[in-house]
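Each residue of the sequence shown is one higher than the one before, counting from 10 in my numbering. Note that beta-carbon positions come from the ideal geometry of N, C-alpha and C, so glycine has one too.
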Amino acid sequence: MNWTHEQLATFVTAADAGSFSAAARRLGRAQSAVSSAIALLEASLDVALFDRSTRTPVLTDAGRVLLGEARELLRQRQHFENRAFALGSQVPGQITLALDEGLPYLPAMKLLADFAAAYPQLDVTVLNCSAAEIAEWVADGQVDAGLSFRRRGDDSAIESEPVGAVPRVIVTGIEHPLAGLSTINRNELARHRQLIVMPRTGAEDGDDDERISPQAWHSDSLYAVAELAAFGIGWAVVPRNVARYPTLAGRLVELAAGDVAFSALEVRLCWRTGRGDWPILGWLRRYLAQAVFAADDK
Numbered sequence: 010m011n012w013t014h015e016q017l018a019t020f021v022t023a024a025d026a027g028s029f030s031a032a033a034r035r036l037g038r039a040q041s042a043v044s045s046a047i048a049l050l051e052a053s054l055d056v057a058l059f060d061r062s063t064r065t066p067v068l069t070d071a072g073r074v075l076l077g078e079a080r081e082l083l084r085q086r087q088h089f090e091n092r093a094f095a096l097g098s099q100v101p102g103q104i105t106l107a108l109d110e111g112l113p114y115l116p117a118m119k120l121l122a123d124f125a126a127a128y129p130q131l132d133v134t135v136l137n138c139s140a141a142e143i144a145e146w147v148a149d150g151q152v153d154a155g156l157s158f159r160r161r162g163d164d165s166a167i168e169s170e171p172v173g174a175v176p177r178v179i180v181t182g183i184e185h186p187l188a189g190l191s192t193i194n195r196n197e198l199a200r201h202r203q204l205i206v207m208p209r210t211g212a213e214d215g216d217d218d219e220r221i222s223p224q225a226w227h228s229d230s231l232y233a234v235a236e237l238a239a240f241g242i243g244w245a246v247v248p249r250n251v252a253r254y255p256t257l258a259g260r261l262v263e264l265a266a267g268d269v270a271f272s273a274l275e276v277r278l279c280w281r282t283g284r285g286d287w288p289i290l291g292w293l294r295r296y297l298a299q300a301v302f303a304a305d306d307k
């Protein structure tokens, strides 16, 4: 069998277009060239792909079966060419990206969609995890690049840069005592249990910048903290997008405290030290420079 890629592509186009003349117009070729390519393919395969007994050729039973196979062969060829291009241009064939679980959902998904369009040849693994996990996995090479909220502490194995910020709000459950107060202050907050996000490793990040109450519960998940607050177990400081997540709608109250303010959480792009000139990192930097994660996002 000596069939060619061009013959397969012509066969698929003719099947999709509904006629040889329509396929010729799509391909910018003469109808005779389309007919000839399909005839040569049929001769090579020793199978009739089209029934020409009618005015407009229609697929035979064998043609319908082989059409799916032809599509798959064309897809595999394109995938092969994309991989070869990636290797030749120093773009890897597979990467792992990590996203902080608390990042605004729609901007994060839009980032991934645009990344897929920019690098269709890549196989990508996306991890959703905490900032501490992202730092650990980037440092040991399990993750190629991460987007996470700022962490305290330095790690020489990681480089990072700010790419945005996400506002934070104070929340509690709709039946919590604080929810019924018209105004609150630091002293009032200190009388009730506080729910705080703390990584599993605990001490490295601490909670001094937001700890107000002497009584506190801790969790390594922003969404777990928000759920605990929704059940009235205490109050918490979480990113505004987490507080307004659909599953929490109507279950949380955002509190305004006149003498308490929490700054927006800085979002940082991080990568392993020494990989600053990585082409994919350059794309991420340019994309995130468009204020994807802006502090005033609703």
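| Item | Value |
| --- | --- |
| In chain order, what residues of the same chain have a beta carbon less than 6 Å from the beta carbon of Val56, not counting five sequence neighbours either side? | Ala71 |
| Spatial neighbours of Leu8 within its chain, please: CB distance less than 7 Å, with the 5 preceding and 5 following residues excluded, ordered by chain position. | Residue coverage of the chain in this structure runs from 10 to 307, which leaves residue 8 outside it and unanswerable. |
| If I measure Cβ to Cβ from Arg159 and keep anything under 6 Å in the same chain, skipping five residues before and after, which residues do I get? | Glu275, Arg277 |
| With C-beta atoms as the reference, is Glu168 less than 8 Å away from Gly37? | no |
| Which partner residues does Ser169 have in the DSSP bridge list? | Cys279 |
| Considering only their Cβ atoms, is the gap separating Ile179 from Leu264 smaller than 8 Å? | yes |
| Return the CA-CA distance between Ser45 and Leu131, expressed in angstroms with no decimal places. | 36 Å |
| Can you tell me which of the three DSSP states His227 falls into? | strand |
| For Glu110, which of Ala33, Ala298, Val251 has the nearest alpha-carbon? | Val251 |
| Could you tell me the distance, in whole angstroms, from the CA atom of Gly215 to the CA atom of Glu78? | Below a pLDDT of 50, predicted positions are generally treated as unreliable, and Gly215, at 49, falls in that range; the measurement from the model is reported next regardless. Rounded to the nearest angstrom, the two C-alpha atoms are 58 Å apart. |
| So, using beta-carbon positions, are Pro176 and Ala238 closer together than 8 Å? | no |
| Can you check whether the CB of Gly182 is closer than 8 Å to the CB of Arg260? | yes |
| Of the residues Ala225, Pro113, Gln224, which one's Cα is nearest the Cα of Gly173? | Pro113 |
| For Ser62 and Ser28, I'd like the C-alpha separation in whole angstroms. | 13 Å |
| Within 10 Å of its beta-carbon, does Met207 have 16 or more other beta-carbons around it, so buried, or fewer, so exposed? | buried |
| How many whole angstroms separate the CB atoms of Gln16 and Leu49, which I take to be in contact at a CB cut-off of 8 Å? | 6 Å |
| Spatial neighbours of Pro66 within its chain, please: C-beta separation below 6 Å, excluding the five flanking residues on both sides. | Phe59 |
| Could you give the residue range of the beta strand (DSSP E) that holds Ala155? | Reading the sequence as shown, one finds Gly at residue 155 and not Ala. Start and end: 154 to 158. |
| Suppose the cutoff is 6 Å on Cβ atoms and the five residues either side in sequence are ignored; what does the same chain contact list for Asn137 look like? | Leu108, Glu110 |
| Helix, strand or coil for Glu184, going by three-state DSSP, please let me know. | coil |
| How long is the line joining the alpha carbons of Arg35 and Thr19, rounded to whole angstroms? | 10 Å |
| Under a Cβ-count criterion, where at least 16 other Cβ atoms within 10 Å of its own Cβ denotes burial, should Gly150 be classed as buried or exposed? | exposed |
| Spell out whether any CB of chain B is found under 8 Å from the CB atom of Arg202. | Checking the listed chains, one finds no chain B in this structure; it contains a single protein chain. |
| Do you know whose CA, among Glu142, Ile47, Leu83, lies nearest Ser230's CA? | Glu142 |
| Contact defined as beta carbons within less than 8 Å: I believe Arg195 pairs with Ala225. What is the distance between those atoms, to the nearest angstrom? | That belief does not hold up - the Cβ atoms of Arg195 and Ala225 are roughly 15 Å apart, past 8 Å. |
| For the beta strand (DSSP E) that contains Asn137, what are its first and last residues? | 132 to 138 |
| What residue from Thr192, Thr256, Ser139 has the CA that sits closest to Leu156's CA? | Ser139 |
| Which partner residues of Ile193 appear in the DSSP bridge assignment? | Ala266 |
| Could you check the C-alpha separation between Arg73 and Ala39 for me, to the nearest Å? | 24 Å |
| What residues match up with Trp244 in a beta bridge as DSSP calls it? | Thr181, Gln203 |
| Secondary structure at Phe20, three-state DSSP: helix, strand or coil? | helix |
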